[in-house]
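Have a look at the structure below before the remarks.
2 protein chains.
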Amino acid sequence: MDVRLDDLDRKILRELQRDAGQSLDEIAKEVGSSKTPVWNRIRKMREAGIVGAQTVLLDAESLGFDACFFVLIRTSEHEKDWQDRFLAALKARPEVQEAHRLAGDIDYILKVRVKNARAYDTFYQALIAEVKIHNVTALLSMEELKFTTALPL
Amino acid sequence: MDVRLDDLDRKILRELQRDAGQSLDEIAKEVGSSKTPVWNRIRKMREAGIVGAQTVLLDAESLGFDACFFVLIRTSEHEKDWQDRFLAALKARPEVQEAHRLAGDIDYILKVRVKNARAYDTFYQALIAEVKIHNVTALLSMEELKFTTALPL
DNA sequence: ACGGAAGCGGAAAAACGTTCTATCTCGACT
DNA sequence: AGTCGAGATAGAACGTTTTTCCGCTTCCGT
Numbered sequence: 001m002d003v004r005l006d007d008l009d010r011k012i013l014r015e016l017q018r019d020a021g022q023s024l025d026e027i028a029k030e031v032g033s034s035k036t037p038v039w040n041r042i043r044k045m046r047e048a049g050i051v052g053a054q055t056v057l058l059d060a061e062s063l064g065f066d067a068c069f070f071v072l073i074r075t076s077e078h079e080k081d082w083q084d085r086f087l088a089a090l091k092a093r094p095e096v097q098e099a100h101r102l103a104g105d106i107d108y109i110l111k112v113r114v115k116n117a118r119a120y121d122t123f124y125q126a127l128i129a130e131v132k133i134h135n136v137t138a139l140l141s142m143e144e145l146k147f148t149t150a151l152p153l
Numbered sequence: 001m002d003v004r005l006d007d008l009d010r011k012i013l014r015e016l017q018r019d020a021g022q023s024l025d026e027i028a029k030e031v032g033s034s035k036t037p038v039w040n041r042i043r044k045m046r047e048a049g050i051v052g053a054q055t056v057l058l059d060a061e062s063l064g065f066d067a068c069f070f071v072l073i074r075t076s077e078h079e080k081d082w083q084d085r086f087l088a089a090l091k092a093r094p095e096v097q098e099a100h101r102l103a104g105d106i107d108y109i110l111k112v113r114v115k116n117a118r119a120y121d122t123f124y125q126a127l128i129a130e131v132k133i134h135n136v137t138a139l140l141s142m143e144e145l146k147f148t149t150a151l152p153l
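Written as structure tokens, this is what we have:
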């Protein structure tokens, strides 16, 4: 079920990333093809899991989300059970927008988006009450200089 | 130009975040309204800049982007001119998916998505050749535990 | 050169976005 | 309390887009 992508596929993906709202005709014109092949290729890439969710990006600030933290986590616990509970806690909390397990010194990094610093503290207290964490450093974002979900194809 | 959001607006935004591909009828049924108000409200929120770009999320791994780094940057330069050049460099590089200016000890954090560790090194060398940076720490992601662009409304 | 599979462009059918209009709701004012 | 007006709503109407279908071409293996 794997799909080998050619140049046309990549052009289509580029267009979809740029604006998923445009019509097939527009995409077809842009990539130099016609409607049917564009449609078939998108369908295949969807089935293959290359193309995932279609979404809109909302402006966090105008919705009152004024604080964004990057949270660096060190833990002394490395058993499976602890990991499972930690992961479940992260997935259950919508303010956690991103979570990565890292190589090296620091074990995890989270990106947490909340309404204000107090909301972050509430989140933080709830998290450390739920799972044991050795060391936490929070980095507060003052300004989002760049944000994109697009991959450079 | 500001829009005060009511409960219906938030329901619509929640649906759009969940799946921006569904039809107006589906959204209307889900939020308990009809097509026209849903359409008008989305249009207004678009104009107000609350609703931004519509995009698809692609699977980075199946497209060969196997490495993701978080880059912590300290600099000794804090003049306007340096900042401008640094910002321009970040915006020009598509592998930089996210960049924040931070409060405190560390000045900037970047999220950099590349095909492999070598590609990261290429990026890193190019960046430090372009702008003077005092200290850099790269955190390598082993596993993306969670990713969402959705805000918790 | 031939056969077959895969991909293509264009046409038809179904679904959808967008506009319009009449109706409804709700708050302000007398 | 009653009335008026602004703004929002449901539903129908219209034009566009998606999705399916089909015949044609291209390309590869034999």
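Here the protein sequences come in this chain order: A and B.
Note that UniProt numbering has the first sequence beginning at 1, numbered continuously upward.
Note that UniProt numbering has the second sequence beginning at 1, numbered continuously upward.
The C-beta atom is built at its ideal place from N, Cα and C for all residues, glycine as well.
Computed from a predicted structure; not experimentally measured.
- Near chain A, meaning a CB-to-CB distance below 7 Å, the residues of the region 88 to 101 of chain B are 90, 91, 94, 95, 96, 97, 98, 99, 100, 101.
- For residue 10 of chain B, the CB contacts under 7 Å within the same chain, skipping 5 residues up- and downstream, are 153 in chain order.
- The residue among B/38, B/140, B/55, B/46 with its C-alpha nearest the C-alpha of residue 148 of chain B is B/55.
- At a cut-off of 8 Å between beta carbons, residue 75 of chain B makes no contact with chain A.
- Those residues of the region 3 to 37 of chain A placed with their C-beta closer than 7 Å to a C-beta in chain B are 13, 16, 17, 19, 20, 21, ordered along the chain.
- Neighbours of residue 146 of chain B in chain A, taken as residues at a C-beta separation under 7 Å, are given in chain order as 90, 91, 96, 98, 99.
- Counting along the chain, the unbroken alpha helix (DSSP H) around residue 17 of chain A starts and ends at 7 to 18.
- Proximity to residue 106 of chain A across B/108, B/140, B/123 peaks at B/140, based on C-alpha coordinates.
- A contact between stretches requires three or more CB pairs, one per stretch, nearer than 8 Å, and the region 69 to 79 of chain B fails this requirement with the region 29 to 41 of chain B.
- At a cut-off of 8 Å between C-beta atoms, residue 59 of chain B counts as an interface residue with respect to chain A.
- Distance from the CA of residue 27 of chain A to the CA of residue 121 of chain A, rounded to the nearest whole angstrom, comes to 45 Å.
- Non-local C-beta neighbours of residue 144 of chain A in its own chain, meaning closer than 6 Å and more than five positions away in sequence, are absent.
- Under the criterion of beta carbons closer than 8 Å, residue 96 of chain A and residue 44 of chain A do not qualify as touching, at roughly 33 Å.
- Inter-residue distance for residue 83 of chain A and residue 118 of chain A is about 27 Å (C-alpha atoms, whole angstroms).
- The Cβ of residue 79 of chain B sits no closer than 8 Å to any Cβ of chain A.
- Residue range 35 to 47 is occupied by the alpha helix (DSSP H) that includes residue 38 of chain A.
- Counted as a single uninterrupted DSSP element, the alpha helix (DSSP H) harbouring residue 128 of chain B occupies residues 117 to 130.
- Non-local beta-carbon contacts of residue 64 of chain B in its own chain, meaning distances under 6 Å to residues more than five positions away in sequence, involve 115 in chain order.
- Of the candidates A/138, A/128, A/151, A/123, A/151 places its Cα closest to the Cα of residue 93 of chain B.
- The beta carbon of residue 65 of chain A falls within 8 Å of a beta carbon belonging to chain B, placing the residue at that interface.
- Less than 8 Å divides the Cβ of residue 111 of chain B from the Cβ of residue 98 of chain B.
- Counting only residues of its own chain and dropping the five nearest sequence neighbours on each side, residue 7 of chain A has no CB closer than 6 Å to any other CB.
- Assigned with DSSP and collapsed to three states, residue 90 of chain B falls in helix.
- Going by C-alpha positions, residue 126 of chain B is about 45 Å away from residue 41 of chain B.
- At a cut-off of 8 Å between beta carbons, residue 136 of chain A makes no contact with chain B.
- Bounds of any beta strand (DSSP E) do not take in residue 24 of chain A; it lies within the alpha helix (DSSP H) bounded by 24 to 31.
- The bridge partners DSSP lists for residue 72 of chain A are A/109, A/137.
- Between residue 47 of chain A and residue 30 of chain A, the CB-CB gap reaches or exceeds 8 Å.
- Across the structure, residue 39 of chain A and residue 24 of chain A are spaced so that their CA atoms are roughly 7 Å apart.
- CA-to-CA, the gap between residue 59 of chain B and residue 49 of chain A works out to about 7 Å.
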